[in-house]
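To start, the structure under review is shown below, and the notes come after it.
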Amino acid sequence: MSTNVVVPAKPTKLLVEKNDKDELTKGRIEDGTLLYVRLREGELAYGSETERNLAVQVAVTKDTAHNWKSVFPKNGYKEVTNEEFVKSYKIDPPYPEQDDQYIVRLKSHATYQNDNPERDIKAGDLVPYDNPSRPKLYEIVDGKAVDITMTKQPVNGSKGVVAFRATSNKFGVFPILSGIVVTDLIEAKERGGFESDYGITAESPATQHKQISAPAQSNDKPEPAPSAPDTGFGDEGWF
């Protein structure tokens, strides 16, 4: 098992807000364990080659999962054994006292779903980064939320608060991801493209330097070098 999750996870909380008509408007999951945060380029929507979603999975305690299901019956949660959790997410179960781990998923469209000629928008266009509806990733610095969406990438096991807004249609009430505030950040260490191409890591051994004596000078003319055999590979075979 991984040792990424070193602090026992706090019990999670689901908090929701309603308007004067008793309609759900927004809410948040507190102290969730973040899994597969995808708020930069997003991920392809299921069954689509063009549509993308900005998404996150959140591991929550059992009671929070049941509360989530009661609020959003159409969404529900995924229940996996602790062994399956380790295989899928490569970290220790955040709630080891449970026999199973409970995962909820939130998303927001990263691409527009419909044409809007008045705004010069076509279905499939990316939602601009500065669009207020686009969920972003934040950390708290000096009591203020700082946008780190494009500069830091949390790995599985980070903790945070996941906010959402609610939307309703004829099929029911659904959560739309609003953003994430990371409270405990385990940051991905990204290597540069050059090092990645050659598999160079901090553990790679240093290049060894050796010296040999130069051959003695001779007045005899050297034998001509033999022609290289034809291997059938020209320069065009290398790329």
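If you read the sequence shown in numbering that gives the first Met the number 0, its first letter stands for residue 0, the second for the next number, and so on.
Beta carbons are placed, not taken as given, at the ideal position from N, Cα and C, and that holds for glycine.
In the structure shown, the three-state DSSP call for THR80 is strand. Contact between ALA165 and LEU23 holds, since their C-beta atoms are separated by about 4 Å, short of 8 Å. Where ASP99 is concerned, the enclosing beta strand (DSSP E) starts and stops at 99-108.
The continuous beta strand (DSSP E) containing ASP30 extends over residues 23-43.
Of VAL154, VAL172, ASP99, the smallest CA-CA separation from GLN56 is found for VAL154. Annotation for SER69: the continuous alpha helix (DSSP H) segment containing it runs 61-70. Within the region 102-177, complete beta strand (DSSP E) segments of at least 3 residues are found at 135-140, 143-146, 158-168, given in chain order.
Secondary structure note for LEU184: it is in no beta strand (DSSP E), with a DSSP letter that is neither H nor E. A straight line joining the alpha-carbon of VAL160 with that of HIS65 spans about 18 Å.
Residue range 12-17 is occupied by the beta strand (DSSP E) that includes GLU16. From the listed residues LEU176, GLY41, THR60, the smallest Cα separation to LYS25 is found for LEU176.
Cβ atoms of THR32 and ALA58 come within 8 Å of each other, at about 4 Å. From the listed residues GLY156, VAL70, THR150, ASP30, the smallest Cα separation to ARG39 is found for THR150.
The residue from ASN74, TYR35, LYS86, ILE90 with its alpha-carbon nearest to that of PHE173 is ASN74. Contact annotation, ILE179 with VAL36: C-beta distance approximately 7 Å; criterion of less than 8 Å satisfied. ASN52 has GLU42, HIS108 as its beta-bridge partners, per DSSP. Listed as beta-bridge partners of VAL57 by DSSP are LEU33, VAL103. At a Cβ-Cβ threshold of 8 Å, SER132 and VAL126 count as neighbours. If you ignore the 5 residues before and after LYS17, its C-beta comes within less than 7 Å of the C-beta of LEU23, THR24, all in its own chain and listed in chain order. Judged by DSSP in its simplified three-state form, SER203 adopts coil rather than helix or strand. Out of ILE90, ARG51, LYS135, SER107, the CA that lies nearest to the CA of ILE185 is found in ILE90. In the structure shown, TYR94 falls within a coil segment according to DSSP collapsed to helix, strand and coil.
By the neighbour-count criterion, in which a residue is buried when 16 or more other Cβ atoms sit within 10 angstroms of its Cβ, TYR128 is exposed.
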